[in-house]
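Trainee: Numbering follows this note's numbering, with no gaps: position 4 of the sequence shown is 26.
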Amino acid sequence: MTHTEKLAWEKQAYGMTAAEVDQMVKQQAFPGTEMMFAAGLISDAQHVIDAEFNEDGWVSPQRANQARQYMNIAKKIMFDMMDRSEERKAA
């Protein structure tokens with residue numbers, strides 16, 4: 023996968039690049055609260071697709087995609103945390 027292909031994949035998966043996700047987490051989550059930040063993103067995804075907040079309970083493709091991207095960002099944060107934990111154990 024080329025760098026351009028990787029960036030295109032990240033943008034469709036997260037709505038931004040992985041580097042931008044990392045920067046967002048650094049700016050918005052206090053150290054040690056990354057898991058709570060990820061949980062907040064999952065809550066945001068639930069809110070976006072909640073029938074109560076969508077016309078006639080119908081979720082538009084755009085809102086469904088936004089929820090998917092929130093969940094992907096949350097998973098990236100959790101996987102990054104797991105990788106750091108494994109690296110500390112190996113050291």
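Quick reminder that beta carbons are idealized off the backbone N, C-alpha and C, glycines included. Quick caveat: nothing in here was measured; it's all calculated off a predicted structure.
Excluding five sequence neighbours on each side, which residues of the same chain lie with their C-beta closer than 7 angstroms to the C-beta of I95?
Mentor: Y36, V43, L63
Trainee: Label K111 either buried or exposed according to how many other C-beta atoms from any shown protein chain fall within 10 Å of its C-beta, with 16 as the threshold for buried.
Mentor: exposed
Trainee: In whole angstroms, what is the alpha-carbon distance linking A86 and I71?
Mentor: Cα to Cα, A86 sits roughly 6 angstroms from I71.
Trainee: Helix, strand or coil, according to DSSP, for G54 in the structure here?
Mentor: coil
Trainee: Are A51 and A67 touching if we call contact CB-CB under 9 angstroms?
Mentor: no
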